[in-house]
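Presented below is the structure to which this report refers.
Numbering (my numbering), first residue to last: 7 to 547.
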């Protein structure tokens with residue numbers, strides 16, 4: 007119908023374009039031709055529809071034959087059936103895991119072989135080492151060695167004690183307490199007792215051994231210092247002038263000078279005993295008096311030594327020597343003449359002698375110059391004695407006399423060696439006292455350190471001899487044996503668990519496989535929906 011409407015519009019247009027009769031003729035010719043063409047098309051459409059329907063039927067018939075021949079429509083059911091069969095067979099595998107010929111038989115056999123190897127190898131060896139070899143090795147390599155070492159200690163201590171012949175007790179020779187006690191006694195004898203001072207501050211008992219020597223030196227230094235004031239002069243002057251109390255005459259040549267000073271130029275006349283005694287006592291007293299005020303006190307003020315000793319032998323002797331040297335210097339200074347005359351120190355002494363002689367024998371003359379020379383000679387002798395005393399201290403006690411400088415050695419003084427020896431003896435004696443005596447005020451430790459060591463050694467000896475074997479058995483071997491005895495059970499438990507885990511793993515794997523197959527079997531073939539539909543074309547007619 008669409009074609010007719012098009013023709014009418016075309017004819018109308020032609021009419022408009024042709025305004026004459028020619029246009030009408032042309033219109034008629036066109037209409038006729040168009041009608042013929044339309045008729046031919048209608049006829050051809052009907053014929054074509056008939057042909058397409060036949061082709062459709064032929065195609066559908068061919069496809070159906072192919073589907074029927076191939077069993078496509080039943081393929082989905084066949085696949086479902088086969089999947090069910092497969093799932094059943096997979097499920098059967100789970101039941102066969104527990105059977106002897108299961109799919110994990112190889113793995114289980116390998117595990118059993120390893121267990122047997124472990125039971126017969128390492129487990130059995132561990133049991134043997136624990137139950138038999140462990141104790142034997144302990145006795146051979148530990149207990150016997152400890153016995154030997156303890157015996158060696160006992161032997162060494164006994165040998166040490168045997169070297170001290172003064173240890174009378176055989177039991178003490180084998181103990182450190184006895185040995186140290188003996189050594190302490192011997193060191194104590196070398197050190198000596200300390201001594202005791204009296205009420206006057208002087209040593210009533212200087213002690214013994216090194217302590218006694220030290221105290222004696224202290225007393226000596228103090229005595230010399232104090233006695234240089236008077237007592238030493240009481241000793242020295244009689245040795246120069248003689249001692250009338252002991253009927254000891256005046257010494258030569260002082261005697262000649264005194265006699266010459268009394269008797270003028272004769273020098274050979276005998277002086278009466280009374281005059282000689284008077285001169286001797288006067289000279290002694292005047293010299294002592296002058297020495298105290300003009301020499302002793304001056305030397306004392308110039309020295310750091312005041313008679314108080316320090317207990318150090320070397321230091322005390324050095325201070326004493328310095329004082330004596332200073333004393334000699336001061337007296338030398340007093341003997342120096344003033345101008346052409348003798349010193350005031352000497353002249354004053356001579357003056358007192360002259361007065362004493364005249365008082366003793368009226369009219370007796372004296373020679374001042376001779377008496378001056380005699381007094382000076384006496385004072386020079388005192389200076390010499392003082393310097394000699396200082397020199398002897400230096401030479402004997404402070405000089406380097408002890409030791410040997412050869413081979414890199416060194417020498418020291420007797421005084422210093424004495425100080426060092428006393429210091430060492432005191433320290434050693436103190437240490438030995440601490441080692442051998444029970445500490446006071448410490449109830450926790452009722453024995454001395456040496457006794458404590460002896461007890462510890464005895465405890466070690468008892469432990470090695472009697473206790474260590476039992477302790478080893480109860481504390482080491484038995485707990486280990488108990489643990490080892492559980493080893494086979496532990497291996498069996500491990501094996502059982504391993505077998506169970508292997509089987510369980512196999513079951514889980516099979517179950518998972520079956521589940522995946524079940525899920526994949528839910529699909530449908532759907533080939534019946536592949537047939538093409540050509541019915542839509544029929545709607546065109």
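Just so you know, even glycine gets a beta-carbon here, dropped at the ideal spot from N, CA and C.
Residue i in three-state terms, based on DSSP
{"i": "residue 406", "result": "strand"}
{"i": "residue 419", "result": "strand"}
{"i": "residue 387", "result": "helix"}
{"i": "residue 65", "result": "helix"}
{"i": "residue 122", "result": "helix"}
{"i": "residue 444", "result": "coil"}
{"i": "residue 36", "result": "helix"}
{"i": "residue 503", "result": "helix"}
{"i": "residue 430", "result": "helix"}
{"i": "residue 295", "result": "helix"}
{"i": "residue 280", "result": "helix"}
{"i": "residue 374", "result": "helix"}
{"i": "residue 307", "result": "helix"}
{"i": "residue 354", "result": "helix"}
{"i": "residue 143", "result": "helix"}
{"i": "residue 235", "result": "coil"}
{"i": "residue 173", "result": "coil"}
{"i": "residue 275", "result": "With a pLDDT of 46 at residue 275, under the threshold of 50, the predicted position of this residue should be treated as unreliable, and no value is reported."}
{"i": "residue 316", "result": "coil"}
{"i": "residue 535", "result": "With a pLDDT of 42 at residue 535, under the threshold of 50, the modelled position of this residue cannot be trusted, and the question is left open."}
{"i": "residue 150", "result": "helix"}
{"i": "residue 456", "result": "helix"}
{"i": "residue 248", "result": "coil"}
{"i": "residue 368", "result": "coil"}
{"i": "residue 59", "result": "helix"}
{"i": "residue 339", "result": "helix"}
Assigned exposure category for residue i - 16 Cβ within 10 Å defines buried
{"i": "residue 48", "result": "exposed"}
{"i": "residue 396", "result": "buried"}
{"i": "residue 314", "result": "exposed"}
{"i": "residue 217", "result": "buried"}
{"i": "residue 192", "result": "exposed"}
{"i": "residue 34", "result": "exposed"}
{"i": "residue 516", "result": "buried"}
{"i": "residue 378", "result": "buried"}
{"i": "residue 228", "result": "buried"}
{"i": "residue 224", "result": "buried"}
{"i": "residue 159", "result": "exposed"}
{"i": "residue 401", "result": "exposed"}
{"i": "residue 71", "result": "exposed"}
{"i": "residue 394", "result": "exposed"}
{"i": "residue 460", "result": "buried"}
{"i": "residue 318", "result": "buried"}
DSSP beta-bridge partners of residue i
{"i": "residue 211", "result": "202"}
Cutoff 6 Å; reference residue i; Cβ partners in own chain excluding five residues on either side
{"i": "residue 304", "result": "336"}
{"i": "residue 42", "result": "none"}
{"i": "residue 243", "result": "290"}
{"i": "residue 399", "result": "323, 327"}
Distance CB(residue i)-CB(residue j) smaller than 8 Å
{"i": "residue 437", "j": "residue 183", "result": "no"}
{"i": "residue 176", "j": "residue 198", "result": "no"}
{"i": "residue 288", "j": "residue 359", "result": "yes"}
{"i": "residue 439", "j": "residue 419", "result": "no"}
{"i": "residue 164", "j": "residue 174", "result": "no"}
{"i": "residue 1", "j": "residue 327", "result": "No information on residue 1 is available, as it lies outside the stretch 7 to 547 that the chain covers here."}
{"i": "residue 332", "j": "residue 309", "result": "yes"}
{"i": "residue 442", "j": "residue 187", "result": "yes"}
{"i": "residue 427", "j": "residue 389", "result": "no"}
{"i": "residue 233", "j": "residue 201", "result": "no"}
{"i": "residue 362", "j": "residue 284", "result": "yes"}
{"i": "residue 281", "j": "residue 370", "result": "yes"}
{"i": "residue 142", "j": "residue 474", "result": "no"}
Other residues of its chain near residue i: CB distance less than 8 Å, five sequence neighbours each side excluded
{"i": "residue 417", "result": "406, 407, 408, 409, 410, 411"}
{"i": "residue 236", "result": "294, 298"}
{"i": "residue 354", "result": "292, 296"}
{"i": "residue 366", "result": "280, 281, 284"}
Beta-carbon proximity list for residue i, same chain, < 7 Å, skipping 5 on both sides
{"i": "residue 156", "result": "466, 467, 470"}
{"i": "residue 340", "result": "300, 301, 349, 351"}
{"i": "residue 166", "result": "185"}
{"i": "residue 431", "result": "193, 196, 197, 216"}
{"i": "residue 540", "result": "Residue confidence is low: residue 540 scores 43 on pLDDT, short of 50, so the model does not pin down where it sits. No coordinate-derived value is stated."}
{"i": "residue 4", "result": "Look at the range of the chain in this structure, 7 to 547, and you will see that residue 4 is not part of it."}
{"i": "residue 322", "result": "223, 224, 227, 315, 316"}
{"i": "residue 381", "result": "289, 352, 355, 356"}
{"i": "residue 364", "result": "370"}
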